[in-house]
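Asker:
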Amino acid sequence: MGKIKIIKGDITKLSCDAIVNAANSSLLGGGGVDGAIHRGAGPLLLAECRTLGGCRTGQTKITKSYNLPSRFVIHTVGPVYFEHTPSDAEALLTSCYENSLNLAKEKGLKTIAFPLISAGVYGYPQSDAIKVAIETMKLHQNDFDEITLVLFGEREFEIAKEDYPEFL
Ligand code: ADP
2 MGKIKIIKGD ITKLSCDAIV NAANSSLLGG GGVDGAIHRG AGPLLLAECR TLGGCRTGQT
62 KITKSYNLPS RFVIHTVGPV YFEHTPSDAE ALLTSCYENS LNLAKEKGLK TIAFPLISAG
122 VYGYPQSDAI KVAIETMKLH QNDFDEITLV LFGEREFEIA KEDYPEFL
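My numbering applies: residue 2 is where the sequence shown begins, and numbers increase by one.
#1: Under 6 Å, CB to any heavy atom of the ligand ADP. Which residues pass, going along the chain?
#2: Where do the ends of the beta strand (DSSP E) carrying leucine 150 lie?
#3: Measure the C-alpha to C-alpha separation of leucine 152 and threonine 58 and round it to an integer number of angstroms.
#4: Identify every run of the beta strand (DSSP E) within the region 70-150, keeping only runs that are complete inside it and at least 3 residues long; order them along the chain.
#5: Below 6 Å CB to CB, which residues in the same chain sit around glycine 146 once its five sequence neighbours on both sides are set aside?
#6: Would you tell me roughly how many angstroms separate the C-alpha atoms of alanine 23 and glycine 30, rounded to the nearest one?
#7: Where do the ends of the alpha helix (DSSP H) carrying isoleucine 5 lie?
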């Protein structure tokens, strides 16, 4: 069985098969983790993203990762929390993780890292977002060598330490 890990850090520094980007539906760059990924990858990432025709909430698109140490970037669009009922937001956020993991599996990728999708400017409550991430990862654990949840902020990391000490 593969390993789920929770770490604190910057996802752009990781050298795994794929890192996941919490993108917006235009796929043309934004702030937060999206901005960091585009800065790290360089302008060719934006050029490739322009050819993809955007991405719907809960769906995914894959690109190369250019100057980043990972091999691929899987772009997914999380729900804006307050645009949905809580249960629809949860279903959409679950789809982000599910579809990213399924796409990675299809491509034969074995190590993948996620940021805490939707939990920045999209306003998803952090502890609920961590739960969706981990519970969905658990269902796909067997298909990967390692699935990493990368938390950027101190507060998210403190929540994860409390709720999921077994993955730290
Ligand atoms: P969203 O629009 O989906 O909410 P954000 O990028 O605003 O996306 O935030 C998603 C999460 O990514 C937040 O928890 C934020 O703290 C985190 N984040 C921001 N920069 C990085 C980074 N370089 N590596 C990992 N996580 C990051």
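No residue lacks a Cβ here, since even glycine has one placed at the ideal position from N, Cα and C.
The structure displayed is predicted, hence computed values, not measured ones.
Answerer: To lay it out plainly:
#1: Asp11, Ile12, Thr13, Ala23, Gly33, Val34, Asp35, Ala37, Gly79, Pro116, Leu117, Ile118, Ser119, Ala120, Gly121, Val122, Tyr123, Val151, Phe153, Gly154 and Glu157
#2: 147-152
#3: 21 Å
#4: 73-78 and 112-115
#5: For clarity, residue 146 is aspartate in the given sequence; the question names glycine instead. If we look at aspartate 146 and ignore the five residues flanking it on each side, its Cβ neighbours are Gly3, Lys111 and Thr112.
#6: 10 Å
#7: Unbroken run through isoleucine 5 is the beta strand (DSSP E), 4-9; no alpha helix (DSSP H).
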